[in-house]
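Participant: Going from the sequence shown to our numbering is simple: count from 1 and add 462. Could you have a look at this structure, given as structure tokens, before my questions?
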Amino acid sequence: MSDALELIKAVLLNGPDDAAALRVLETALEREVDVLRYCATTLGLGAALVMQRAAGWAGFASYHRVPRGLQGRVEPTRLEALADVRMFRVRLLDREIAFVAPDFLGVIRLKHRLKSTPHLRNLLCLVPEVALRDYLAAAATPALTAAARQNLARRWPYASAHLELTKLTRHGFVGGLALLVVLLLAAPFLAQLWLLPLAFGMLVVPTMIRLGALFSPVPSVAPPQRPPDEQLPEYSVLIPLRDESGMVPQLFAAMRALDYPAERLDIKFVVESRSVHTLAAVRMRLGDPRFSLVSVPDALPRTKPKALDFALPLCRGEHVVVFDAEDVPDPDQLWKAALRFRDAPDIACLQARLVIDNGRRNGLTALFAGEYAGLFLVLLPALARWGLPMPLGGTSNHFRLQVLRELGGWDAYNVTEDADLGVRLARRRLRVDVLASATREAAPRRLMPWIGQRTRWMKGWMQTLIVHNRDPGRLRQEMGLPAMLAFEALVLGMITAPILHCGFGLVLLIRWGTGIAGGDGAIWTIFYLAVLILGYGSALAMTAIGLLRLDRRNLLPIQVLLPIYWLLIGVSTILAARDLIVRPFYWFKSPHRPESKPRAAPMRAGAPRPVSRTPSN
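Rendered as structure tokens:
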């Protein structure tokens, strides 16, 4: 006990008596957190200063970071253990030096070991945990890059876009899709009734799912109570960034506003190495032990999921969440997710609500806000209640880290990685649910960025449809027939509906304008009309209910322009089909600008106050 108190007094360096040091020790133990991490984060001393003082007390040298230029290599088989490594040996001239990031008890043991082995001080150097992780990430860069590109193909060879999207497959899919659309649009003139069941499955079934979601009862759930800090697990946060230097201040403010114990947060800004301004903006704001920077080397494919896969082995949390550059999550989001995971062990993934914060900017952002309101407050909750495959939102996805690793992480070659991951979760019969917490983000303000973003999304859904239909029998066996049919209907409908709805309207105008609405193709005229009414009607109703649940009534009137919005989606779908052929793995980077202000986390009684830093001598 005396060593523990002496070490705490050395770390605090402001002359506390034994009683004050004992209070720090007891508080850290009650919160079930390492004492050094508690001093660095909750007391606000910083990891580098804490380790420097601890090393001085124990009689060892210390560095704020591992010096550059030292030779070290991490074996690919050890990647998933990187976050737990506390010691790494490197060769320095004629001897090996071990850089160590010990915990509180480890420092005490090293001090005792030094008494019996004095030469140990020449073989060990103490560094902060974050410094060791940064060095390990650099030493493991070749292995991490290879794993990010190939890990899914090794684990799921039948569910990887890299292996399945051959040139012949892409051309065949686009050709078949074009033929299907042409046949359905020409059906009234061909009078071929055998096409009717196909059209019904592609267009009416997705509409019926939306209608079912409208009338699906929403269970009333009492607001959860925040658990004590000691009951919350470690949580990793991944924030992939590329050319986002302007968003960095907002992001750091949003992460600081999270109502979660600082000593249990592992927030990683995952930045592409080519984004020099973004790297500089993040480095300027490091120092808080919660935050770390992961620099992703420039290598194909240049996609968000590849960057996430690169950083995944470095995560140390029990759970992990992904946020995008423009995201401002509710401060309560992480503890609510941790509570749901604790209370429902069968849940593998939680999707928080995405709410568009700039819906009043112009007509395009208002329609985007309505679309998201219907998706995240009506459709996704219904799919979760029914146990059907859920299209994840690409951000604010919370996972059990071990489950995500077992799934192989994200598909580095799928440009809508959330879509693919949602299907893989369904194939493993893993439960996905929605989370009653929101993340605010901004919709594209201008048309061309919106078109580029939507083109990428539609291309990703095409990739997902191709990859997971490689073996339909296996898909049915793994997912179950109802879930498989729902997946096929929703995805195929999502891809074809915008084009067909516009085409149906045009065909109806032609038939009525030429006076041939009746005759042999009359049944198709009726079918087209019913599809248009049901399709637009159900989508408009879903949007309206979602906006009402968000209390965004001011955005309701402009939703009558939904047919124009679908026309734009149809244009994006055509561009996506072209992209799938000529550049299947191209990632359109959506531009962002600060729109939202983070909401401060509520102050809680009994929360520890930071200790002012005292410069070391």
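Note that CB positions come from ideal geometry on N, CA and C, so glycine has one too.
Count the other CB atoms within 10 Å of the CB of N876; is the residue buried (16 or more) or exposed (fewer)?
Facilitator: A residue is called buried once 16 or more other Cβ atoms fall within 10 Å of its Cβ, and N876 is buried on that count.
Participant: Between Q864 and E780, what straight-line distance do the alpha-carbon atoms span, to the nearest angstrom?
Facilitator: Rounded to whole angstroms, the separation of the alpha carbons of E780 and Q864 is 8 Å.
Participant: Does the region 1003 to 1011 touch the region 832 to 845, meaning 3 or more C-beta pairs lie closer than 8 Å?
Facilitator: yes
Participant: With H, G and I counted as helix, E and B as strand and the rest as coil, what does DSSP make of V817?
Facilitator: When DSSP states are grouped into helix, strand and coil, V817 belongs to the strand group.
Participant: What does a CB cutoff of less than 7 Å around H930 pick up in its chain, not counting 5 residues either side in sequence?
Facilitator: A621, V885 and L937
Participant: Identify which residue in P564, L598, P580 and I972 has its Cα closest to the Cα of V552.
Facilitator: L598
Participant: Excluding five sequence neighbours on each side, which residues of the same chain lie with their C-beta closer than 7 Å to the C-beta of D1041?
Facilitator: Non-local C-beta neighbours of D1041 in its own chain, meaning closer than 7 Å and more than five positions away in sequence, comprise T917, K921 and Y1048, ordered along the chain.
Participant: With burial defined as no fewer than 16 other Cβ atoms inside 10 Å of the residue's Cβ, what is the status of I928: buried or exposed?
Facilitator: buried
Participant: Near E692, what residues of its chain come up, given a Cβ to Cβ distance below 7 Å and the 5 sequence neighbours on each side ignored?
Facilitator: E492, R493 and E494
Participant: Name the DSSP bridge partner or partners of D895?
Facilitator: L812
Participant: Please classify P1072 as buried or exposed, where buried requires at least 16 other C-beta atoms within 10 Å of its C-beta.
Facilitator: Since pLDDT at P1072 reaches only 44, below the 50 mark, its modelled position is unreliable, and the value read off the structure follows with that caveat. The residue is exposed, with fewer than 16 neighbouring Cβ atoms inside 10 Å.
Participant: Just reading off the alpha helix (DSSP H) that V473 is part of, what are its end residues?
Facilitator: S464 to L474
Participant: Give a yes or no on whether the C-beta atoms belonging to A1001 and L1024 are separated by under 8 Å.
Facilitator: The answer is yes: Cβ separation under 8 Å.
Participant: Is H963 closer than 8 Å to W1028 when the C-beta atoms are compared?
Facilitator: yes
Participant: CB-CB under 6 Å to A517, same chain, minus the five flanking residues each way: which ones, in chain order?
Facilitator: S524 and L588
Participant: Taking contact to mean 3 or more Cβ pairs, one atom from each stretch, closer than 8 Å, check whether the region 805 to 816 and the region 836 to 850 are in contact.
Facilitator: Yes, the region 805 to 816 touches the region 836 to 850.
Participant: Do D565 and L475 have their beta-carbon atoms positioned less than 8 Å apart in this structure?
Facilitator: no
Participant: Does the structure place the region 718 to 735 close enough to the region 657 to 668 that three or more beta carbon pairs sit under 8 Å?
Facilitator: no
Participant: Which same chain residues, not among the five before or five after N1079, have their C-beta less than 7 Å away from its C-beta?
Facilitator: Reliability of the predicted coordinates at N1079 is poor, the pLDDT of 35 falling under 50, and no value is obtained from them.
Participant: The alpha helix (DSSP H) spanning Q768 covers which residue range?
Facilitator: Here the sequence assigns Lys to residue 768, which means Gln is not the residue at that position. K766 to A773 is the span of the alpha helix (DSSP H), which, as asked, contains K768.
Participant: Touching or not, the region 944 to 951 and the region 841 to 856, by the rule of three or more beta carbon pairs under 8 Å?
Facilitator: yes
Participant: Leaving out five residues before and five after T740 in sequence, what residues of the same chain have Cβ atoms less than 8 Å from its Cβ?
Facilitator: Excluding sequence positions up to five before and after T740, its CB lies within less than 8 Å of the CB of L703, R704, D705, E706, S707, V710, V733 and E734, all in the same chain and listed in chain order.
Participant: Taking its Cβ as the centre, do 16 or more other Cβ atoms sit within 10 Å of N859, making it buried, or is it exposed?
Facilitator: N859 counts as buried, since at least 16 other C-beta atoms from the protein chains shown sit within 10 angstroms of its C-beta.
Participant: Out of V536, A649 and H581, point me to the one whose CA is closest to L594's CA.
Facilitator: Minimum Cα-Cα distance from L594 among the listed residues V536, A649 and H581 corresponds to V536.
Participant: Where does R571 fall in DSSP's three states?
Facilitator: helix
Participant: May I ask you to report which of helix, strand or coil DSSP gives M549?
Facilitator: strand
Participant: With a floor of 4 residues, list each alpha helix (DSSP H) that falls wholly inside the region 984 to 1018, ordered by position along the chain.
Facilitator: 984 to 1011
Participant: What are the boundary residues of the alpha helix (DSSP H) that S1034 is part of?
Facilitator: L1024 to V1044 is the extent of the alpha helix (DSSP H) around S1034.
Participant: Distance, Cα to Cα, A742 vs T1035?
Facilitator: 37 Å
Participant: Can you list, in chain order, the residues of its chain whose CB lies under 7 Å from that of R893, leaving out five sequence neighbours each side?
Facilitator: D808, I809 and A810
Participant: Excluding sequence positions up to five away, which residues of its chain have a Cβ less than 7 Å from the Cβ of K471?
Facilitator: P478 and A483
Participant: Comparing alpha-carbon positions, which option in S578, P590, N584 and A545 lies nearest A563?
Facilitator: P590
Participant: Three-state secondary structure (DSSP) at K730?
Facilitator: strand
Participant: Going by beta carbon distance, what residues of the same chain come within less than 8 Å of I961, once the five residues before and after it are set aside?
Facilitator: V643, G1032, T1035 and I1036
Participant: Which residue from D882, R891, P934 and N820 puts its Cα closest to that of R1014?
Facilitator: N820
Participant: Cα separation between A545 and L774?
Facilitator: 10 Å
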